[in-house]
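Chains A and B, in that order, give the protein sequences.
My numbering puts the first residue of the first sequence at 1, with every later residue one more than the last.
My numbering puts the first residue of the second sequence at 1, with every later residue one more than the last.
Each residue gets a CB set at the ideal place from its N, CA and C atoms; glycine is no exception.
The model shown is predicted, which means the values in this text are computed figures rather than measured ones.
This report concerns only the one structure given below.
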Amino acid sequence: MWRARYLKIWVGGAILLVLLVCGVAAPYLAPYDPQEQVLEHRLRPPTFAGQGSGPHWLGTDNLGRDILSRIIYGSRISLLVGATTVILAGLLGCLLGALAGYFGHLTDEIISKITEIFLAFPFLLLAIALMAFLGQGLVNLIIALMMSRWVQYCRVVRGEVLSLKERDFVVAARALGGRDFYVLLRHVLPNTFASVTVIATFAMAIVIIAEASLSFLGLGVPTHIPTWGSMLSEGRVYMYRAPWLTIFPGFAIFVTVFGINLLGDGLRDILDPKLRGRR
Amino acid sequence: MLRRRIIGAIPVVLGISFLVFLLMHIAPGDPVSLLLGEDATDAEIQRTRHEWGLDQPLLVQYWEFLSHAVRGDFGKSLKFGEPVTKLVFERLPATAELAFVSLLVAVLISIPIGVYSAIKHDSLLDHAGMGLALVGVSLPNFWLGIMLIYFLGGQLNLLPVAGRIDYGIQLEPVTRLYLVDSLIAGNFTAFWSALRHLLMPAVTLGTSLAAIVTRITRSSILEVMRQDFITTARAKGLGETAVVWRHMLRNAMITIITILGLQLGALLNGSVITETVFSFPGIGDLLIQAISLRDYRLAQGLIFFFAMMYFVVNLLVDLLYMLVDPRIKL
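Right, here's the structure in full:
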């Protein structure tokens with residue numbers, strides 16, 4: 001079992017690493033400029049399809065842009081949006097959850113009610129609603145996804161802090177004269193690290209799918225920036241004539257999310273056994 | 001307890017309504033100018049602002065919104081020219097039918113796999129089942145939908161790729177649930193057509209739910225199978241099938257049903273995407289149309305409706321849970 005858990009972490013981590021390398025080194029790895037339009041090369045099939053498309057390994061789109069290059073550049077947006085959202089939502093959620101759990105009473109009442117209001121919206125729907133009114137854009141996208149995702153952290157951290165604050169080491173830290181914020185930051189919050197790491201990993205997978213979904217619906221980043229979701233949306237029109245326009249970007253999303261979920265599964269089994277079976 | 005739970009829901013409902021109300025005000029620029037376009041004159045913009053009440057103070061606007069919302073009045077859709085509530089109720093049965101069939105697909109796939117994985121746990125089949133669940137949860141549903149359309153609809157020509165029913169089939173709307181209406185009318189051609197139209201969207205929507213339920217079923221059964229009453233059931237000579245289906249699954253069902261209820265949000269999330277991919281005329285598809293047409297009123301009404309539906313169902317699941325297991329206090 002232990003070997004299987006580590007295998008999940010290794011495989012998942014390797015997939016994430018490949019994504020990271022693609023994102024960071026995109027200008028060096030991509031064989032073409034992702035925006036370069038060569039109309040005489042439009043809708044060329046992938047090289048392995050054997051119809052003489054030459055150097056375009058995964059074919060070209062309706063404007064003659066290289067699919068592989070666009071997928072490599074697309075990983076930047078997925079990674080950037082995924083990581084930034086997870087970090088910002090994590091900071092906001094952990095902070096509010098810790099305050100609610102540690103101080104209790106009115107603070108808890110108010111934060112819990114706000115959490116309940118946000119939880120009343122299905123995650124993606126809230127992001128769709130916010131994007132519909134905020135308008136397209138990278139910053140708006142991150143804000144929308146962060147506002148839809150922080151509650152999960154808040155709930156879990158609140159629960160953990162509620163039980164941690166009664167533990168002997170926290171009582172001792174307070175008895176030694178530690179101020180509330182010091183005790184909270186130095187002794188309580190570090191102990192929620194395992195659960196937060198597990199939630200953050202799964203959240204990253206969910207956010208990457210959400211970003212792709214929003215881009216697919218035309219509610220993500222501006223259309224000139226290559227993203228996997230917008231590639232799928234554009235490719236849909238040519239689905240029967242040029243299926244590679246939809247197969248490859250979708251496969252990239254799937255492999256990425258699969259890798260992150262695998263990593264999350266492995267981390268959960270090791271770091272937080274009591275969460276096993278949940279997502 | 002019940003009263004406390006319901007009273008506790010009031011501030012949350014108010015909060016939801018305030019958040020939905022605020023959406024119109026976070027839009028960059030003036031929604032009226034955006035809607036009327038660049039050619040609109042100042043007088044037209046002012047008149048529409050006045051008609052919408054946007055020239056009133058924020059709290060007055062919220063009170064207007066709320067007092068109309070409790071009467072189910074979200075105003076008229078600007079693009080369709082009909083009341084928002086009427087449009088929602090016309091489209092709701094399609095989404096309900098899709099959600100129900102997806103739930104059915106998810107349960108039919110997930111429970112046998114989950115039960116089998118738990119019984120044979122740590123075997124090759126268990127690992128294969130869990131691997132499949134991981135794949136299911138990682139598949140973006142819009143991609144899955146497109147791939148199904150391409151292979152089953154396009155290449156193999158097995159199933160229709162869009163809409164709810166074949167063109168030309170007439171059905172008297174009773175419930176607006178086509179499967180039910182066709183059965184009431186005894187029109188099996190219509191039933192078959194509606195079912196064929198539902199299959200691909202339902203599989204698309206049900207796959208990730210199936211993956212989650214498979215995992216939950218497996219872990220619940222694993223927990224139940226170590227309990228004393230299972231040993232007792234075996235000791236009194238019950239066959240393994242009866243032990244699994246009558247004792248293990250029945251006891252694991254409480255958790256599974258709760259998760260299914262709580263996953264309604266995932267179905268609503270998914271319905272927006274799935275309905276768009278399959279041009280399925282439900283409320284998810286209507287929301288995306290409203291957004292792309294900048295019909296803010298309709299979008300606002302639909303988002304409020306989605307949130308309330310999700311909230312009420314979660315509340316009902318909580319209450320049902322209390323009824324099923326009286327040890328639980330809300």
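Check, Outcome
"Chain A residues whose Cβ lies nearer than 8 Å to that of N269 (chain B)", "P122, F123, L124 and L125"
"Residues near L129 (chain B) in its chain [Cβ-Cβ closer than 6 Å; skip 5 each side]", "Checking the sequence, you will find Gly at residue 129 (chain B) rather than Leu. For G129 (chain B), where only same-chain residues beyond five positions count, the Cβ hits under 6 Å are I113 and S117."
"Beta-carbon neighbours of L217 (chain A), restricted to chain B and to distances below 9 Å", "F142, V272, I273, T276, I288, I291 and S292"
"Contact between the stretch 149-157 of chain A and the stretch 185-203 of chain A (3+ Cβ pairs under 8 Å)", "yes"
"Residues near I273 (chain B) in its chain [Cβ-Cβ closer than 7 Å; skip 5 each side]", "N141 and F142"
"Beta carbon proximity, M24 (chain B) to chain A, threshold 8 Å", "yes"
"Classification of T223 (chain A) by the beta-carbon crowding that lies within 10 angstroms, buried from 16 upward", "exposed"
"Neighbour flag for L134 (chain B) against chain A, beta carbons, 8 Å", "yes"
"Beta-carbon proximity check, V366 (chain B) vs G136 (chain B), cutoff 8 Å", "Not covered by the structure: residue 366 (chain B). The range shown for chain B is 1 to 330."
"Alpha helix (DSSP H) runs contained entirely in the stretch 59-119 of chain A, provided each spans 4 or more residues", "67-103 and 105-119"
"Cβ of S148 (chain A) within 8 Å of any chain B Cβ", "no"
"Minimum Cβ-Cβ distance from S77 (chain B) to chain A less than 8 Å", "no"
"Inter-stretch contact (C-beta, 8 Å, three-pair minimum) for the stretch 235-242 of chain A and the stretch 89-106 of chain A", "no"
"L330 (chain B) versus W57 (chain A) - alpha carbon distance", "Note that L330 (chain B) has pLDDT 49, beneath the 50 cutoff, so the model's placement of it is unreliable and no number is given."
"Candidates B:L134, B:G237, B:G239 and B:V243, of which the one nearest Q227 (chain B) by Cα", "B:V243"
"Same chain only: Cβ atoms within 7 Å of G282 (chain B), ignoring 5 sequence neighbours per side", "R91, A94, T95, L98, S271 and E275"
"CB contact check: V107 (chain B) to chain A, cutoff 8 Å", "no"
"CA-to-CA distance, V18 (chain A) to L14 (chain B), given in whole angstroms", "46 Å"
"Residue(s) in a DSSP beta bridge with K76 (chain B)", "B:P83"
"Start and end residues, alpha helix (DSSP H) containing H41 (chain A)", "Where H41 (chain A) is concerned, there is no enclosing alpha helix (DSSP H), given that its DSSP letter is neither H nor E."
"Every unbroken alpha helix (DSSP H) inside the stretch 175-246 of chain A [4 residues or more]", "180-183, 193-216 and 228-236"
"Min CB distance Y240 (chain A) to chain B below 8 Å", "yes"
"Within-8 Å CB hit, A27 (chain B) to chain A", "yes"
"Delimiting residues of the alpha helix (DSSP H) encompassing Y178 (chain B)", "Y178 to A185"
"Any chain A beta carbon closer than 8 Å to I149 (chain B)", "yes"
"Stretch-stretch touch, CB-based, cutoff 8 Å, three pairs: the stretch 161-175 of chain B with the stretch 237-252 of chain B", "no"
"Distance between beta carbons of G264 (chain A) and I15 (chain A), contact taken as under 8 Å", "Contact flag wrong, Cβ pair sits at about 12 Å."
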